[in-house]
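Data block below; observations after.
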Amino acid sequence: MSVSISEEAPEQAPFVYKGDIITHIKKASEIGYEAVELHIRHPENIDADAVRHACDTYKVEVSSIGTGLGYGMDRLSLSDSNPAVRRQAVERLKGHISLASKWNCLVIIGLMKGQIKDCGSREEYEKNVMEALQECVDYAESRQVLIVLEAINRYESDVLNTLQETTAFIREFDTDYLKLHIDTFHMNMEENSIPASMLEVRDYIGHVHAADNNRLYPGNGFFDFKTFLDTLKVIDYQGDIALECTGLPRPDEAALKARSYLYSIL
Ligand code: LER
Ligand code: MN
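Counting in this note's numbering, the sequence shown runs from 40 upward without gaps.
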């Protein structure tokens, strides 16, 4: 199980820990997490060796790198109508992929997949993202880094909302280095049946985010985590489950309660 850490993030962003990465790697380890998910805005500013060293010292892995701050804070979108913005988005993601190759983890493309409103039409969206994402995939393939594309709910994104729609897009790429990223918070809003949808795309699932229906830690609301975890078992999912929820009421409490709740029903 993995817990999210973000060095910089807007107040409302759903990360358990916010602040210094190394300090929170230690905290995650003390609480019992096996891994951390690092949400990084500027990959070039990160001391990869220092993070690696902290992970070795505290015996945790980096499961995944989140990239959405590049969209949320800098509006870098793979679909943007301006080619210079798309170029910046690709270069930013290449930075994340380089870090991932040093930490042996995967890279999430969630919000940075962009939106139709960033370019004007579904046709333009597909054209722009196919080209820009192909460049990211080629780069990731050369470094043996997996990219996962996240299905995000309609209130945060005007495209690629359901597992089925996102998987159909992924299938356009002829690669093993692009998979589907599922998030309980988004599935709760978009799927008719969460287990049925997961079973349908079972071969594509590469990463999992967990938050309750209110985006607080699992166990706080009414999302059916038992059925969800049972379905992950049925499909023999071997990857990490990363806690991408708010750190309320307090980050340590959210991290501790999420972990003990999920293990109690696993
Ligand atoms: C990112 O992983 C995500 O789930 C979005 O809702 C951004 O906050
Ligand atoms: Mn997510």
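From the three backbone atoms N, C-alpha and C, an ideal C-beta is built for every residue, glycine too.
Take Met228, set aside five residues on each side of it, and the residues of its chain with a beta-carbon closer than 6 Å to its own are Asn192, in chain order. When beta bridges are read from the DSSP output, His246 appears opposite His220.
In the DSSP assignment, Gly105 is bridged to His78. Beta-bridge analysis with DSSP links Glu100 to Ala74. The nearest non-hydrogen atom of the ligand MN is less than 7 Å from the C-beta of Glu189. Between Val90 and Leu282, the CB-CB gap reaches or exceeds 8 Å. For His248, the CB contacts under 6 Å within the same chain, skipping 5 residues up- and downstream, are Asp222, Ala281 and Glu283 in chain order. Between Gln127 and the set Asp113, Asp242, Leu138 and Lys98, the nearest pair of CA atoms involves Asp113. In this structure, DSSP gives Ser45 an extended state, which the three-state scheme calls strand. Taken from the Cβ of Pro53, at least one heavy atom of the ligand LER lies inside 7 Å.
Annotated three-state conformation of Ile191 is coil, per DSSP. Here the distance from the Cβ of Asp197 to the nearest heavy atom of the ligand LER is not below 7 Å.
Beta-carbon to beta-carbon, Gly286 and Tyr56 are separated by about 6 Å, close enough to satisfy the 8 Å threshold.
Counting along the chain, Leu132 sits inside the alpha helix (DSSP H) bounded by residues Pro122 to Trp142.
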